[in-house]
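S.K.:
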Amino acid sequence: MIRIFYVDAFTEELFKGNPAAVCILEEWLDDDALQAIAFENNLSETAFVNLKEDPLQIRWFTPTLEVELCGHATLATARILFDEYFQNDTKISFQSKSGELIALQKDDMIYLDFPIDHPTVIESESLITESLKCEPIEILKGRSDYLAILASEKDIKNLQPDFSTWRN
């Protein structure tokens, strides 16, 4: 059985905040099934947790692929777990592809502790400069993301990236 919750993270108002689906599993499904569920949910991320594992494993899927980390879907998952499954607990530890993630509950607030990502400067990458249509001052690469430093606020405001160049 799969229980699916729809959560608006970062808000107490319905249809505000950042939506995420949270799927509570009794056993892991194969990756194709997880991807199909995320595709059907059609939200930016769907989180999956198997309650029978200790420590809890968490995974996130967009409608098209698995991602290594998702903050708002982790927050949504913690909210569901604290409210529905671990009412007497104040700490939940998740294992993920990004490492250990900790959710702490205190006074109706949830605090998340994520692994630190140490981005490093890389040589100019043609894919980034082509998609941004400009030459950044510096490009940094983290675990799975890039950060482009531009010369001015004006350059940022005028930016019209072509993200289609990132598609495989």
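The opening position of the sequence shown corresponds to residue 1 in this note's numbering, with each subsequent residue numbered one higher. C-beta: ideal position from N, C-alpha, C; glycine also.
Can you tell me where the beta strand (DSSP E) with Lys16 in it begins and where it stops?
M.R.: From DSSP, Lys16 is part of no beta strand (DSSP E); its letter is neither H nor E.
S.K.: Should Trp166 go down as buried or exposed, given a rule of 16 or more other Cβ atoms within 10 Å for buried?
M.R.: It is exposed - the Cβ of Trp166 has fewer than 16 other Cβ atoms within 10 Å.
S.K.: How far does the alpha helix (DSSP H) with Gly71 in it extend, from its first residue to its last?
M.R.: Looking at the DSSP string, the run of the alpha helix (DSSP H) that includes Gly71 is Gly71 to Ile80.
S.K.: Measure the CB-CB distance between Thr120 and Lys141 and report whether it falls below 8 Å.
M.R.: Yes, the pair counts as a contact, with Cβ atoms nearer than the cut-off.
S.K.: Quick check: the Cα distance between Thr129 and Lys52, rounded to an integer number of angstroms?
M.R.: Approximately 45 Å, taken between the alpha carbons.
S.K.: Please classify Ala33 as buried or exposed, where buried requires at least 16 neighbouring CB atoms within 10 angstroms.
M.R.: Exposed, since its Cβ has fewer than 16 Cβ neighbours within 10 Å.
S.K.: Using 8 Å as the threshold, is the region 69-80 in touch with the region 98-114, meaning 3 or more CB pairs across them?
M.R.: Cβ pair count under 8 Å is three or more, so yes.
S.K.: Select from Thr74, Pro136, Leu132 and Gln57 the residue whose C-alpha is nearest the C-alpha of Tyr111.
M.R.: Ranking the options by Cα distance to Tyr111, first place goes to Thr74.
S.K.: Which residue wins for smallest C-alpha separation from Thr46, given the options Gln57, Thr77 and Trp28?
M.R.: Ranking the options by Cα distance to Thr46, first place goes to Thr77.
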